[in-house]
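There are 2 protein chains.
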Amino acid sequence: MRLTLYTDYSLRVLLYLANKEDELVTISELADFFKISRNHLVKVVHNLGLSGYILTTRGRNGGLKLARPAKNILIGEVVRSTEPDFDLLECFNPATDQCVITRTCSLKSVIFNAQAAFLGELDRYTLADMAKAPKKVLPAFKSIPIVQH
Amino acid sequence: MRLTLYTDYSLRVLLYLANKEDELVTISELADFFKISRNHLVKVVHNLGLSGYILTTRGRNGGLKLARPAKNILIGEVVRSTEPDFDLLECFNPATDQCVITRTCSLKSVIFNAQAAFLGELDRYTLADMAKAPKKVLPAFKSIPIVQH
DNA sequence: CTTAATATATATCCTAGATACATCTTAAAT
DNA sequence: ATTTAAGATGTATCTAGGATATATATTAAG
């Protein structure tokens, strides 16, 4: 279970912009700060623009800033728009589903509800929550209770 | 956001075994029924055995069956043990984390809590729930509210 | 009209998931 | 004892997609 690095970068960019309030920030500044490939960030920024999260101005003295107040941007909303898909099981995509028990299987709805719980939890927080109170909004989480092999 | 096909297959196998009660089932039978590569299923079954979910008997008249009652097997538990990792963000794996804001960033805990909500939701259901009442345990879920590009 | 910035398209690298194949081990049936 | 049907195990290959690089176009301030 993973999110793409793409989503990760998108969140970092938005977080940075939220901290800068309305200042214009350039992609180069972001690349330097995060030590991330500028080329990769270009795509991230471009799509954040298409999704309406940021405003970009070209040319000299151009740059990026949030298109809306950070407190109106839900974390879940960002993740929904940056992840390429949410096909947790084969049956989640009817166009490609080949599973022979889809018709009667109830796993789909269980997993779907879990996904909804995941996104719902993310929707409890805004970008402003993340920007303003680093490591304070939430109780520290315990060590990961996941058993792996 | 995805689970691996591997996890998907694991759940299907367990579901099948749960429906067969204590009957012995062969890998070939599973491969035929699900129309899945037998070779791939071999690995899935092998690991389900290692994880203690199933008992396997070799040789003629051999086969698989659940190692414990289906009602004692939580869906979340299965997913936790079949997914190779849960590294939703780069910072989730301290060994490889390169993110420069990990120290102060609160995104990690938010995403972590969402993941906990995901697995927690799955832990509300057992394999027996899935096997016994196909498409009845849960309210039908609405069309997916995810905005994609 | 130059320059510094973003916009956009294309191409390549690389990892890991999905799959195939070959061999070994076990144990029941004869 | 031998055969045979089953799982166990290791290795190899295919392939998609995520990550990255490169090149060029476009914009607008100065």
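Residue numbers (numbering that gives the first Met the number 0), protein chains in the order written: chain A, 0 to 148; chain B, 0 to 148.
For each residue, glycine too, the CB sits at the ideal point set by N, CA and C.
The beta-carbon of Ser27/A is placed no less than 9 Å from the nearest beta-carbon of chain B. Excluding five sequence positions before and after Glu120/B, the CB atoms of its chain that fall closer than 8 Å to its own CB belong to Gly75, given in chain order. Scanning chain B for C-beta atoms nearer than 8 Å to the C-beta of Tyr124/A yields Val109, reported in chain order. With fewer than three CB-CB distances shorter than 8 Å, the region 44–52 of chain A does not count as touching the region 89–104 of chain A. Within the same chain, Cβ atoms closer than 6 Å to the Cβ of Ala30/B are found at Arg37 and Leu40, the five residues on either side in sequence being excluded. DSSP lists no beta-bridge partner residue for Val78/A. Assignment of Leu47/B by DSSP, reduced to helix, strand and coil, places it in the helix class.
DSSP places Gly119/A inside the alpha helix (DSSP H), whose first and last residues are Leu106 to Leu121. By the C-beta criterion, the region 14–27 of chain A is judged to be in contact with the region 47–62 of chain A, since at least 3 inter-stretch pairs fall below 8 Å. Beta-bridge partners of Leu73/A (DSSP): Thr125/A. Considering only Cys90/B, Asp122/B and Asp86/B, the residue with the shortest C-alpha distance to Val78/B is Asp122/B.
For Leu121/A, the chain B residues whose C-beta falls within less than 8 Å of its own C-beta are Val109, Ile110 and Ala113, listed in chain order. Membership of Leu65/B in the beta strand (DSSP E) is indicated by the continuous run Gly62 to Leu65.
Counting other Cβ atoms within 10 Å of its Cβ, Glu82/A reaches 16 or more and is therefore classed as buried. Interface flag for Asp21/B against chain A is unset, since no Cβ pair is found closer than 9 Å. For Ala69/A, same chain residues with a beta-carbon under 7 Å away, outside a window of 5 residues either side, are Ala17, Thr125, Leu126, Ala127 and Ala130 in chain order. Pairing Tyr52/B with Phe32/B gives a Cβ-Cβ distance that is not under 9 Å. Counting along the chain, the unbroken beta strand (DSSP E) around Thr55/B starts and ends at Ile53 to Thr56. Partner residues in a beta bridge of Val41/B, as assigned by DSSP, do not exist.
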